[in-house]
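Numbering (the working numbering), first residue to last: 227 to 749.
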């Protein structure tokens, strides 16, 4: 069990709820404000007066960081402004389950009572001051695993709501007021039921494909059956060749034909093709409605379902038309993998190797230590999947729209992989197979450019081979694939931004021309 952090504005019940939650879970409870005042021998108002807010925040940073890095599970009540530190907020989300407690400004002002002991509330009208601060911090407080309203709610009822969250232990994707969580589980259709119920949509537009519906339709029905929400089903033909505009039109027609409103929810139930198409349709229907992602392939679980990239293919290249549209929830249930072919399963492992190679050395070691895995032998895979998703989340939170260098790291193997995929008309190689080829080729290019140690190239090649993924392509096919490199979305003029691995979990991003890349790969 991870620690549980109670965050939120002052007087929202963190200390009361925290003490009861700790007693319920059988762990200790600490209040960071109390630790700070005990160590300083002064109250918080006295510290603010004698040292100033900056010095107080420095004390707070030291105390909170120490608590979060300690692996001992406990319940921790944060001060109202603790999570205004981006570093502490993200550390808490990685190391603990974070619950934000909130209340109406009037409730907070009433509970606070005499504000002379609360420096941030000293104002002619404390409720107005509370409202202003809550508005300022709305995006910050939204970056959590769960938000609970505490107005007129018994503390024990709040504990009852938090305990199941602790048991679920989801991964938070912190993106301000568009934050969401990823559940990683096994054979738990009720997670989908609960996620939809929490969003309380006016109707559902369920998008899947014929293969997934046939293989995992019973799991979908088990999740949707308890809900009494009007639902429209769209079952698409399977395959990458369906990832085109006319298919998006099919989803649009179904939703608009059913008379959906802006309270509707798109439910993407399938692999990467379904997820991308449904996500894009959601981003455009009625100028944007909510969606949730329920990935059914390993590749979509660890890659396309998280991060908000949506879109479809065009004759000039893959995924060249699309939008960023974050889901409201992602439910990753490894039970769906049982119906995959060995080839499709291996494609997901390619994406895990990619992110481990470029951004997560411990994950790379875990992959190398992993025993035999297959759609029918999933022992040890759940923590691997969870770690791969967490690695991607750390990148997405800091570079959501790939405006900097960070999210480019997720494209290792994709510049050449997409070109190989397009040259094969999206049928010769599956996406993960093309990524495996692209990963090796781009690592080899990095070695020729003096950026990647040759031994590291062989280490990744060996791991991909162990997972039965292709690592070699005929020189003629590779040369012919290069005409599609010019359609790469990361291209700026005649230069392409490429991530090169410089060591385990380490990388450097370089802008290279198509000719430079061609020479490094083909010679």
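Glycine is no exception: its CB is placed at the ideal position from the N, C-alpha and C atoms. Everything numeric in this text was worked out from a predicted model, so none of it was measured.
Through-space distance from residue j to residue i, alpha-carbon basis
i, j, result
"residue 267", "residue 273", "9 Å"
"residue 705", "residue 740", "12 Å"
"residue 381", "residue 424", "20 Å"
"residue 464", "residue 531", "17 Å"
"residue 364", "residue 663", "44 Å"
"residue 493", "residue 447", "13 Å"
"residue 675", "residue 241", "56 Å"
"residue 398", "residue 325", "11 Å"
"residue 586", "residue 732", "8 Å"
"residue 351", "residue 360", "15 Å"
"residue 496", "residue 358", "43 Å"
"residue 524", "residue 261", "44 Å"
"residue 245", "residue 301", "8 Å"
"residue 310", "residue 503", "36 Å"
"residue 416", "residue 516", "20 Å"
"residue 721", "residue 737", "6 Å"
"residue 594", "residue 404", "35 Å"
"residue 682", "residue 653", "30 Å"
"residue 598", "residue 605", "8 Å"
"residue 647", "residue 660", "6 Å"
"residue 553", "residue 519", "7 Å"
"residue 468", "residue 396", "32 Å"
"residue 319", "residue 298", "16 Å"
"residue 356", "residue 362", "10 Å"
N- and C-terminal bounds of the alpha helix (DSSP H) containing residue i
i, result
"residue 367", "352-367"
"residue 594", "587-595"
"residue 668", "657-674"
"residue 276", "270-277"
Classification of residue i by the beta-carbon crowding that lies within 10 angstroms, buried from 16 upward
i, result
"residue 444", "exposed"
"residue 238", "buried"
"residue 602", "exposed"
"residue 657", "buried"
"residue 377", "exposed"
"residue 688", "exposed"
"residue 709", "exposed"
"residue 678", "buried"
"residue 227", "exposed"
"residue 354", "exposed"
"residue 534", "buried"
"residue 281", "exposed"
"residue 328", "buried"
"residue 369", "buried"
"residue 545", "buried"
"residue 491", "buried"
"residue 511", "buried"
"residue 249", "exposed"
"residue 665", "buried"
For residue i, the three-state DSSP class (helix, strand or coil)
i, result
"residue 602", "coil"
"residue 465", "coil"
"residue 515", "coil"
"residue 488", "coil"
"residue 699", "coil"
"residue 540", "strand"
"residue 237", "coil"
"residue 679", "coil"
"residue 393", "helix"
"residue 521", "strand"
"residue 372", "strand"
"residue 455", "coil"
"residue 399", "strand"
"residue 749", "coil"
"residue 414", "coil"
Endpoints, the beta strand (DSSP E) within which residue i is located
i, result
"residue 326", "322-328"
"residue 255", "254-257"
"residue 225", "One cannot answer for residue 225 here, as it falls past the ends of the chain, which runs 227 to 749."
"residue 728", "721-729"
"residue 528", "Where residue 528 is concerned, there is no enclosing beta strand (DSSP E), given that its DSSP letter is neither H nor E."
"residue 627", "That residue, residue 627, is in no beta strand (DSSP E); it is neither H nor E in DSSP."
"residue 732", "732-739"
"residue 308", "Here residue 308 belongs to no beta strand (DSSP E), and DSSP marks it neither H nor E."
Contact test: residue i Cβ vs the ligand COA heavy atom, cutoff 7 Å
i, result
"residue 745", "In terms of ligand content, the structure shown is empty, and the ligand COA therefore cannot be addressed."
Three or more C-beta pairs closer than 8 Å, one from the segment 434-449 and one from the segment 460-478: is that the case here?
Taking 8 Å as the limit for Cβ pairs, the verdict is that the segment 460-478 does touch the segment 434-449.
Within 8 Å, do at least three Cβ pairs link the segment 475-486 to the segment 551-568?
Cβ pair count under 8 Å is below three, so no.
If we count Cβ pairs, one from each stretch, closer than 8 Å, do we get three or more for the segment 689-696 versus the segment 634-648?
Per the Cβ contact rule, the segment 689-696 is not in contact with the segment 634-648 (fewer than 3 Cβ pairs under 8 Å).
Quick one: any contact between the segment 252-260 and the segment 320-337, if contact means 3 or more CB pairs under 8 Å?
Taking 8 Å as the limit for Cβ pairs, the verdict is that the segment 320-337 does not touch the segment 252-260.
Pairs of beta-carbons, one from the segment 300-314 and one from the segment 593-610, closer than 8 Å: are there three or more?
No, because fewer than three Cβ pairs between the segment 300-314 and the segment 593-610 fall closer than 8 Å, the two stretches do not touch.
Segment contact, 8 Å Cβ cut-off, at least three pairs: the segment 576-583 with the segment 534-546
Counting Cβ pairs under 8 Å, fewer than three are found: no touch.
The segment 724-735 contacting the segment 667-677, beta-carbon criterion three pairs below 8 Å:
The segment 724-735, when compared against the segment 667-677, does touch it at the 8 Å Cβ threshold.
Stretch pair the segment 401-411 + the segment 272-286: three plus CB contacts closer than 8 Å
No: fewer than three Cβ pairs fall under 8 Å.
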